[in-house]
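Residues in the sequence shown are numbered from 2 upward in steps of one, following the working numbering.
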Amino acid sequence: LFFGCTTPAVKTVENSKCREEIYQLQAKENKGLVASPEAGLRMDEVGAEIEKQRGPIRDCYVNANSTPTPKERREIRFVFLIRKDGSVGRACVDKTQFEGEGLQTCLAQVLHRIQFPIPRDGRAVWISFPFDFVKHTGT
Numbered sequence: 002l003f004f005g006c007t008t009p010a011v012k013t014v015e016n017s018k019c020r021e022e023i024y025q026l027q028a029k030e031n032k033g034l035v036a037s038p039e040a041g042l043r044m045d046e047v048g049a050e051i052e053k054q055r056g057p058i059r060d061c062y063v064n065a066n067s068t069p070t071p072k073e074r075r076e077i078r079f080v081f082l083i084r085k086d087g088s089v090g091r092a093c094v095d096k097t098q099f100e101g102e103g104l105q106t107c108l109a110q111v112l113h114r115i116q117f118p119i120p121r122d123g124r125a126v127w128i129s130f131p132f133d134f135v136k137h138t139g140t
């Protein structure tokens, strides 16, 4: 027998339509273009641009009243399309462990404001990016 505190399981919601929608938009934007081995963007390039938005991302989390228990980690994963010019064409939640849509909406707005580098081969690219949030205690 085990005695002690247990944390309820975190519910995860997945959206299979999101990824399919992004694939279709990418195919439409890249129609007639040929991919190259050096195609797209590296994840470190994408991550660097997202990291510049750390403050607004943190504000989204705080303002959405997302309150996981202390030290609990939750994730929300976006799939988004970076267009040929580096702008975000569409962003949607692929998977989330948060209830409600406040955090989703706010993070999507942040993503749409980011100007990413232009993909190397001039083709639109899809990105899957997780946002991990941990509530830290003051100790």
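From the three backbone atoms N, C-alpha and C, an ideal C-beta is built for every residue, glycine too. Small disclaimer: the values here were computed from a predicted structure and weren't measured.
Supposed close pair residue i, residue j - CB separation, criterion 8 Å
| i | j | result |
| --- | --- | --- |
| Glu-15 | Lys-85 | About 29 Å; that fails the 8 Å criterion. |
| Cys-61 | Val-126 | Contact flag wrong, Cβ pair sits at about 24 Å. |
| Leu-129 | Val-80 | It is Ser, not Leu, that sits at residue 129 in the sequence shown. The Cβ separation is near 5 Å, so the contact holds. |
| Ile-119 | Gly-87 | 5 Å |
Residue j beta carbon less than 8 Å from that of residue i
| i | j | result |
| --- | --- | --- |
| Ala-65 | Cys-19 | no |
| Val-47 | Phe-117 | yes |
| Ala-28 | Arg-124 | no |
| Pro-131 | Arg-55 | no |
Nearest residue (CA-CA) to residue i, options the options
| i | options | result |
| --- | --- | --- |
| Leu-34 | Asp-133, Glu-76, Val-111, Arg-121 | Arg-121 |
| Leu-26 | Ala-49, Leu-82, Pro-118, Gly-48 | Leu-82 |
| Phe-99 | Glu-30, Arg-74, Ala-40, Gly-87 | Arg-74 |
| Arg-1 | Ser-129, Ile-58, Val-135, Glu-22 | Outside the shown range of the chain (2 to 140) lies residue 1, about which nothing can therefore be said. |
| Glu-76 | Gly-90, Val-94, Ser-88, Ala-49 | Val-94 |
| Ala-109 | Val-135, Lys-136, Ile-51, Phe-134 | Ile-51 |
| Glu-21 | Ala-92, Asp-45, Met-44, Glu-39 | Ala-92 |
Residue span of the alpha helix (DSSP H) that contains residue i, given as start and end
| i | result |
| --- | --- |
| Lys-136 | Where Lys-136 is concerned, there is no enclosing alpha helix (DSSP H), given that its DSSP letter is neither H nor E. |
| Ala-28 | 17-30 |
Closer than 7 Å: residue i CB and nearest the ligand ZN heavy atom
| i | result |
| --- | --- |
| Asn-31 | Among the ligands in the structure shown, none appear at all, so the ligand ZN cannot be discussed. |
Exercise. What are the uninterrupted segments assigned as alpha helix (DSSP H) that are 4 or more residues long and contained completely in the segment 33-119, given in chain order?
Worked result: If we require 4 residues or more, the alpha helix (DSSP H) runs fully inside the segment 33-119 come out as 44-52, 55-64, 103-114.
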